[in-house]
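To start, the structure itself, in structure tokens.
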Amino acid sequence: VRAAAGTCHYQPFNEDKGTGLLRHCLLRRGVVSGQVMVVLVTAQPVLPGAKNFVRALLAEAEKRHVPVTTVVQNYNPRRTSVVLGEEEKVLYGKGFILDTLCGKTYAISPRSFYQINHTQTEVLYGLAVDAAHLTGKEVVLDAYCGIGTIGLIASRDAREVISVELNPDAVRDAVTNAKRNQIKNVSFYQNDAGAFMVFMAEKGEKADVVFMDPPRAGSDEAFLSSVVTLSPKKVVYVSCNPETLARDLRYLTKHGYKAEEAWGYDMFAWSEHVESIVLLSKLKSNKLKHINVELEMDELDLMAAESKAIYEEVKDYVSEAKRIES
């Protein structure tokens, strides 16, 4: 990319001065397919000599035996640390690459989330689905579904999968991926996952299992409360940040869920980071419905001492019942 950019005399972007053209270069590679995507993030909407750049890039890539199959320009005028902007233009190829994960083929576009450690991702997602112990009768909700990876893998063992994602590019990829893999028991919705779950609960709809794979910042209380409102029997939480995972687990365990098992995966080699899976189950509600108290007294009027004794007995009974329930 540097060689091709030098041929076209492109200048790097200077964040302090706001001058230059090239802000970032994003590379994506399909581990199984071998396909490579090159995304140039530019500070200007027009890439001068775009055809010459593509021609020079493909020539350089061929020398290095790199199969570049698509080249995309992404325009990002914002003065932020966010790498990608909202506008894109395909300069060469189809604008996406294909890869295979857990036996399913996925299209990956520039702004779609896709795990970078392919080998560990297959193990991670495989266990996430196995942890749910699906029998083929369950309705599964895949929150933060991205391009549909976990939901499409779970579809083989579920009656129905409902996948929700806010990113419209990822949703388009997910729909295409379902068609590409001939999976028909999955539906996709572009929406905020928390609001969608509240909507489901208000309509009286249920989900037996919720898969959630939030970003590093974890989930907010609004989303977690929507999980509690929907009240699935199981929640499978996939996390890339143990700190926000612990915070979110504190909320869920205070609101009727129990963390049953947890697994850690070295997804980010030679770093301090770890990917985790936690299986939570809904606690059964064995609420105390009534208390039978038999009183044998000759007089209807209770003396203060007798009243206090009976009150203490009832209070102890309730406290013991609550202890057993918890």
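Using the numbering used here, the first residue of the sequence shown is number 1, and each one after it goes up by one. Just so you know, even glycine gets a beta-carbon here, dropped at the ideal spot from N, CA and C.
Put simply, of R28, K17 and A50 the residue whose alpha carbon is nearest the alpha carbon of G6 is A50. Only residues of its own chain outside the window of five on either side were considered, and among them D248, Y251 and L252 have a CB closer than 7 Å to the CB of L224, listed in chain order. When only Cα atoms are considered, D213 and A259 end up about 16 Å apart.
DSSP lists A143 and Y237 as the beta-bridge partner residues of M212. In this structure, V41 sits away from R28, with a CB-CB distance that is not shorter than 8 Å.
For A61, the closest of T19, V36, L245 and N74 by C-alpha to C-alpha distance is V36.
The Cβ neighbour count for T135, taken over all protein chains shown within 10 Å, is under 16; the residue is labelled exposed. Burial is judged here by how many other beta carbons sit within 10 angstroms of a residue's own beta carbon; K104 has at least 16 and is buried. The beta-carbon separation of I147 and Y106, rounded to 6 Å, stays under the 8 Å limit for a contact.
When DSSP states are grouped into helix, strand and coil, Y114 belongs to the coil group. Under the Cβ criterion (8 Å, minimum of three pairs), the region 117-131 does not count as touching the region 178-195. For Y75, the closest C-alpha among the options I150, V171, G85 and D192 is that of G85. Under the DSSP assignment, T42 falls in the beta strand (DSSP E) whose first and last residues are V36 to T42. Comparing alpha-carbon positions, the option among K89, T229, Q44 and V274 lying closest to A262 turns out to be V274. Separation of D99 and S109 (C-alpha to C-alpha, rounded to the nearest whole angstrom) is 11 Å. Per the C-alpha coordinates, the member of L152, E243, F53 and S226 positioned closest to V235 is S226. When DSSP states are grouped into helix, strand and coil, T69 belongs to the strand group. Annotation: G256 to A59 spans about 60 Å, alpha carbon to alpha carbon. The way I'd put it, the region 138-155 does touch the region 205-212; three or more beta-carbon pairs between them come closer than 8 Å. Counting only unbroken stretches of 4 or more residues, the alpha helix (DSSP H) elements lying wholly within the region 154-212 are 168-180 and 193-202, in sequence order. Burial check for G34: the Cβ neighbour count within 10 Å stays below 16, so the residue is exposed.
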